[in-house]
Structure formats: C-alpha cells, structure tokens
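Residue numbering for the sequence shown is -24 to -1, 1 to 293, as defined by mature numbering (1 follows the signal peptide of the UniProt record, and there is no 0).
Have a look at the structure below, then the notes.
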Amino acid sequence: MNFVLIRRVSCVLGLVLIVTSGCAELEVAGTPRLTGDGGLLNAVGAMPPDHTLGSANGPAADGSRDIRAAAETSPPVSSREPAEEIFDPFAKSDEVTGEDYDPWEPVNTKIFEFNRQMDRYVLKPVAQGYDFIVPDLVQIGVGNIFYNFRFVPRFLNNVFQGKVKGASIEVGRFILNSTVGIGGFFDLAQDVNLVTPEEDLGQTLGFYGVKPGPYIVVPFLAPYTLRDLIGYVGDIFLNPINWLFAPIIEVKGVPSVISHPNRNTSTIVQLGARVGEIVNDRSRNLQKFQGVEEATFDLYTAVRNAYLQQRARQIKE
C-alpha cells in the first residue's frame, strides 16, 4: 500500500517537473524564444524562446539583433510608473497603456534575474564542458533529433490554422529527415529548401483572435505571455511521445511502449532527455549572444520587447 502511494506521488511530481521543464520543448532558464530553442539564456528564461532547433543556420541566429534593436527603444525599468488599470488577463499589449502589457513586472524581474544567475553559474558551465567534449556536428544532430520529435504539434497547429502548405511541408520534412536523415539526425529537408515557419498552439490561439494577455517570466523557462504559456502546455499534450511512447499522460485504451504502470521509468526517460536537450542547446548557443548582456542597459525590457515583437510577427506569418 505504501509502495503504491509513493509511486503515485512520484508520478505526479514527475509530471510537474516535466511540464515546468518543457517536457519536449524549451530550455531551462530561458533564452528568448528566438528559435525553437536557441538563445543566450534560452535555458533560463532570460531571453525570448523560439522552438526552432532545426539546424545551425536556424532563426536563432537573428536573436541578438532582435534584442539589441529592442534595447534601443526601451526605457529603463526604473523610469516607468506602474499603470492603474482594470486587470484583463487577456488584454493586448497595447490596449491598456500603449506599452507592453506587463502588470506583473516586479515579480517578473526577480524571476528573470534568478534565471540569469542559474544560467551563469549552473547551466553555462555545464554546457561549456559538454561543448569541449562533444563535436559540433553531433550537437547539431542531437538538436535536429529533438526538433524532429516535435513534428506532431507543429503539423497539427498548421492544420488548425488551415495552413495546408505548411502542414504538407512538415509531413515531407518528417518523412525525409526520419528516413534518409537517420532518425532526424541530419536535416536534409533544409538542404533542399523544404522549410516552413514553425507553428505552435500559442500562435494558433492568436490566429483565432485570443489576446496575448500579460507577459510572464517563469522559473527555469523562457518568457511567455499568458496565451503562449497555455499554448505551451497544450503542445505538450499534443505530442504523442508524452502519452504513447514514454507516457506521462495516460489515455484510456491507448497502448504505450513503456507501460502506464511503469510511469516512473518514463518520467526518468523524459526528464533525462529534457536535460540533455537543454544542455545541448545551450552549448550550441554559447557564443551567439556573447556580449549582449554587457551591451544592453536594460536587458529585461530588451528581452521582453524582442519576445513580444517576435511573437507578433510569427502570428502574422
């Protein structure tokens, strides 16, 4: 009886850890979402996220430019007075004060700084050691495999938005990379220009008119808006890996490679894979945002503006 209780508690804790660490999605303390998973503190919520771990030449390469540009137009945090307004959790950024909607800024800035320190003293040193040992080609291949694993949510969100061409390209990419590309290790689809903007549930909600809501910085994750955070969790449920192959979610009548009674094992598998992805991604981005922190007067505001601008562009695509 005690064993059963302990096992259930560990399963619940494992699910919480996977959801907060991204299960199969983002980095630990949060770089910007500047590419499917690449950025300065993408593993530490200190920069915008961007789920495009495709290959060495992915969108993340533009992240530092976005942050620098945002910094040029961002007033220091201390110069802004908190706005007095009626709280609307899904208000657009410019609907309340004409500025980015950040009603939880005092808390966000503290979490942001925590994420930065986690990246500086924990994640970055580990990633540097990993980078010293693992060749660049292997790091790129590992990133490509994780990106390939997230095919289903990307495909479904293209379908949800009626983007037939994007959905077709995602299918073509997955088939080509999974077969000739050896399980996704090689991104051959990009070499033949079989590419499409990455879609997620946050973008799908935005496509149907759901407002961004307040800006949120989450411990150990990248920044989000309330809408995008809900979408992020939704994408975890859309990924069959999480309920079919290594089930942290049980679906009645659906078999799984790792049986549901062994959910502790699948939790360990998921967490191990997630940590590996985070370290691999941080290693790939060690130099990309070098100097951005020192060159930016108000990094919090610059990261926030870069993220919000990027998400607005993605939804319009």
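All C-beta atoms, glycine included, are put in the ideal place defined by N, C-alpha and C.
Under the DSSP assignment, ILE206 falls in the alpha helix (DSSP H) whose first and last residues are 202 to 214. Annotation for TYR283: the continuous alpha helix (DSSP H) segment containing it runs 275 to 292.
Within the same chain, Cβ atoms closer than 7 Å to the Cβ of VAL255 are found at VAL102, ALA103, TYR106, the five residues on either side in sequence being excluded. Between PHE90 and TYR123, the alpha-carbon positions lie close to 27 Å from each other. Scanning GLY178, LYS86, GLN246 for the CA closest to the CA of ASN134 turns up GLY178. Straight through space, the alpha carbons of GLY189 and ARG203 are spaced by roughly 6 Å. By alpha-carbon distance to MET94, the top candidate from LEU197, GLN115, VAL171 is LEU197. Uninterrupted alpha helix (DSSP H) stretches at least 4 residues long and entirely within the region 91 to 157 occur at 100 to 109, 112 to 125, 127 to 136, 140 to 155, given in chain order.
Rounded to whole angstroms, the Cβ separation of ILE192 and TYR200 is 5 Å, and the two are in contact under 8 Å. For ILE291, the closest C-alpha among the options ILE151, THR180, ALA282 is that of THR180. From the listed residues LEU205, VAL171, LEU170, the smallest Cα separation to LYS187 is found for LEU205. CA-CA distance, GLY159 to ILE109, rounds to 23 Å.
In the three-state DSSP reduction, VAL245 falls in the helix class (H, G or I). When rounded, the separation of the alpha-carbon atoms in ASP176 and GLY210 is 9 Å. In the DSSP assignment, VAL193 falls within the beta strand (DSSP E) that extends over 191 to 193. Buried is the label assigned to PHE150, since at least 16 other Cβ atoms lie within 10 Å of its Cβ. CA-to-CA, the gap between GLU269 and GLY148 works out to about 39 Å. Between ASP257 and the set TYR77, GLN115, ALA271, the nearest pair of CA atoms involves GLN115. Looking at the backbone, the Cα of PHE161 and that of LEU113 are separated by about 10 Å.
Taking C-alpha positions only, ASN169 is separated from GLN263 by approximately 26 Å. ALA278 and PRO79 have their alpha carbons spaced roughly 17 Å apart. Counted as a single uninterrupted DSSP element, the alpha helix (DSSP H) harbouring GLU270 occupies residues 268 to 271. In the DSSP assignment, the residues bridged to PRO199 are VAL193.
PHE88 sits in a helix when the DSSP states are folded into three classes. Taken through DSSP and simplified to helix, strand or coil, GLY185 comes out as coil.
Counting every other CB atom within 10 Å of its CB across the protein chains shown gives ALA165 a total of 16 or more, marking it as buried. Boundaries of the alpha helix (DSSP H) harbouring LEU164: 164 to 167, taken from the DSSP string.
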